[in-house]
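Residue numbers (the numbering used here): 30 to 373.
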Amino acid sequence: MQNEIKKPLRLLDGQGHITEPGWARQLFWTYDRKDIHAPKWRIKEWDYYLVTNDSYGVAFTISDLGYLGMVSVSFLNFQEDWSHTETILTPFPLGKYRLGTHSDEGNAQFCNKKLKLKYRTEQGKRTLTCQFKDFYQGQELRVKLTLLQPAMDTMCIATPWKEKPTAFYYNQKINCMPAFGKAILGDKAYVFQKGRDFGVLDWGRGVWTYDNTWYWGTGSGQIDGVPFGLNLGYGFSDRSAATENVIFYDNKIHKLDQVDFGIPRKGDHTYDFMKPWQITSNNGRLAGTFTPVLNRSAATDVKVIATIQNQIFGYFNGTAVLDDGKALEVRDFFCGIEVVHNRY
């Protein structure tokens, strides 16, 4: 049973437990760091943006992991089959990034001698600016993008961990934001066009248990001129009250239950990420093949803290069924899927 939250409420009670686990179309839960029953160094907060078309893309992360700040910038070239990510680590930010208690307060920034990264949120739009010196092969990366945010449903979820009730995952995904602007790497410009290109925000707050693996798929685009997107995820926290699996269509959410990515394996313990995947839902409302074209892999290991990331981009072909039973034929829909193992 999927528990949909439809009115405002506090995220955590006096014991630091989620007041009502579930999912929602907007950020109805009120988040306040003072309500958290965990040390500051266990609190995780991040704002992640991904903007792509099927030729190239950029991604930005500002994350406060309590005892470690992790700020990263990625450039993705799908046509030429390469990507590059630079990550800057800082000790013990402990809330100093001021990432905000609501996604509409997204005026976060990080600046040092190499990187200037800024997020600005205004009514109906978001602006991302980045200047990264010596980003790739001695070349500077400069980006300025605008993401439009019309009145629309978003995917929100609040779930606990069974083994630790004061641990929680509070998250919002805003898909299908029309994007336009430019990324300049060295002397080459990569243009993002309104009407063709889209962005997603992954806004997360929480207290996590130490060792987790997440599976997250996201895509934003159009079918016959109508906004269409997918948000699919599983792998951590107690999802008995709700999952984050949804179809976006014409700025509305159509709720799915469970999904499986059907990732091919090499033996019992290793994934073969670049072979075709078979994505399915348990109620038959999403089914199709995901054909990878690029794996942006990255690993950070600083003893106690480690993250191993595989972010695979490719094309989904299949069928998506809306709440009213209408079946959409999805053809060559470009999207990305992450498999990330964290110890932090």
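Backbone N, C-alpha and C define an ideal beta-carbon position, used for all residues, glycine too.
task = Tell me V102's beta-bridge partners as DSSP assigns them.
result = Position 73 of the sequence shown, counted from the start, is the residue given in the question as residue 102. F89 and E115, per the DSSP bridge assignment.
task = Starting from N324, follow the beta strand (DSSP E) in both directions and report where the run begins and ends.
result = The count along the sequence shown starts at 1 and reaches residue 324 at position 295. Looking at the DSSP string, the run of the beta strand (DSSP E) that includes N324 is L315 to V331.
query = Assuming A349 and L315 make a contact with CB atoms under 8 Å, what is their CB distance in whole Å?
reply = By 1-based counting over the sequence shown, the position of residue 349 is 320. By 1-based counting over the sequence shown, the position of residue 315 is 286. Their Cβ separation, rounded to whole angstroms, is 5 Å, which keeps A349 and L315 in contact under 8 Å.
task = Inspect the beta-carbon positions of T150 and T175 and report whether they are closer than 9 Å.
result = Taking the first residue of the sequence shown as 1, we reach residue 150 at position 121. Taking the first residue of the sequence shown as 1, we reach residue 175 at position 146. No.
query = What span of residues does the beta strand (DSSP E) with S249 cover, start to end?
reply = Here residue 249 corresponds to residue number 220 of the sequence shown, with the count starting at 1. Annotation: the continuous beta strand (DSSP E) that includes S249 extends over D240 to I252.
key: Continuous beta strand (DSSP E) stretch holding F302: start and end   = Taking the sequence shown and counting its residues from 1, the one referred to as residue 302 is at position 273. Looking at the DSSP string, F302 is not in any beta strand (DSSP E), and its letter there is neither H nor E.
request  = For the beta strand (DSSP E) containing F277, list its first residue and its last residue.
outcome  = In the sequence shown, residue 277 corresponds to position 248, counting from 1. Unbroken beta strand (DSSP E) run through F277: V275 to Y278.
query = Can the beta-carbon of K281 be found less than 9 Å from the beta-carbon of D182?
reply = As a working mapping, residue 281 is identified with position 252 in the sequence shown. As a working mapping, residue 182 is identified with position 153 in the sequence shown. Using a Cβ distance threshold of 9 Å, K281 and D182 count as a contacting pair.
inquiry  = Rounded to the nearest angstrom, what separates H113 and Y300 at their Cα positions?
reply    = Residue mapping note: residue 113 aligns to position 84 of the sequence shown, counting from 1. Residue mapping note: residue 300 aligns to position 271 of the sequence shown, counting from 1. Going by the C-alpha atoms only, they are around 22 Å apart.
ask   = Quick one: what's got a C-beta closer than 6 Å to W245's C-beta in the same chain, skipping five residues either side?
value = Within the sequence shown, the letter at position 216 stands for residue 245. Only G262 and E367 meet the Cβ criterion.
inquiry  = Using DSSP's beta-bridge definition, name the partner residues of M184.
reply    = Taking the sequence shown and counting its residues from 1, the one referred to as residue 184 is at position 155. According to DSSP, residue pairing for M184 in a beta bridge involves K202.
query = DSSP state of S84, grouped into three classes?
reply = As a first step, residue 84 must be located in the sequence shown, where it is residue number 55. For S84, the three-state secondary structure derived from DSSP is coil.
Status (buried if at least 16 other CB within 10 Å, exposed otherwise) for A180 = As a working mapping, residue 180 is identified with position 151 in the sequence shown. Per the 10 Å Cβ criterion, exposed.
task = Would you list the residues sitting across from S310 in a DSSP beta bridge?
result = Reading the sequence shown from its first residue, position 281 is the one you call residue 310. Under DSSP, the beta-bridge partners assigned to S310 are V288.
Where the beta strand (DSSP E) through F257 begins and ends = Residue 257 sits at position 228 when you count from the first residue of the sequence shown. Judged by DSSP secondary structure, F257 falls within the beta strand (DSSP E) whose first and last residues are V255 to Y263.
key: Identity of the residues DSSP links to G228 by a beta bridge   = Residue numbering aside, residue 228 sits at position 199 when the sequence shown is read from its first letter. In the DSSP secondary-structure assignment, G228 is bridged to V80 and M206.
ask   = Can you name, in chain order, every residue of its own chain whose Cβ lies under 8 Å from the Cβ of G291, other than the five neighbours on each side?
value = Numbered from 1 along the sequence shown, position 262 holds the residue referred to as residue 291. When the five nearest sequence neighbours on each side are left out, the beta carbons in the same chain lying within less than 8 Å of the beta carbon of G291 are those of W306, Q307, I308 and T309, in order along the chain.
message = To test your reading of the DSSP string, which unbroken beta strand (DSSP E) runs of 3 or more residues are found completely within the stretch 127–196?
response = As far as the stretch 127–196 is concerned, its whole beta strand (DSSP E) runs of at least 3 residues are 138–140, 144–151, 154–165, 168–177 and 184–190.
message = Nearest by alpha-carbon distance to K73: which of N106, I203, N346 and I334 is it?
response = The count along the sequence shown starts at 1 and reaches residue 73 at position 44. Of N106, I203, N346 and I334, the residue nearest in Cα terms is I334.
key: Presumed contact (8 Å Cβ cut-off) between Y199 and L40, rounded CB distance   = Here residue 199 is taken as the residue at index 170 of the sequence shown, counted from 1. Here residue 40 is taken as the residue at index 11 of the sequence shown, counted from 1. Here Y199 really is in contact with L40; their C-beta atoms are around 6 Å apart, less than 8 Å.
inquiry  = Could you pull the DSSP bridge partners for K211 from this structure?
reply    = To locate residue 211, count along the sequence shown from 1; it is residue 182. Per DSSP, K173 and V220.
request  = Quickly, what does DSSP pair R234 with across the bridge? List them, please.
outcome  = Locating residue 234 in the sequence shown gives position 205, counting from the first residue. Paired residues: E74 and Y199.
ask   = Leaving out the 5 sequence neighbours to the left and right, which residues in its chain are closer than 7 Å to F227 when beta-carbon positions are compared?
value = The residue given as residue 227 occupies position 198 in the sequence shown. Around F227, the same chain offers C205, M206, P207, A208, S249 and G250 as residues with beta carbons nearer than 7 Å, after the five sequence neighbours per side are excluded.
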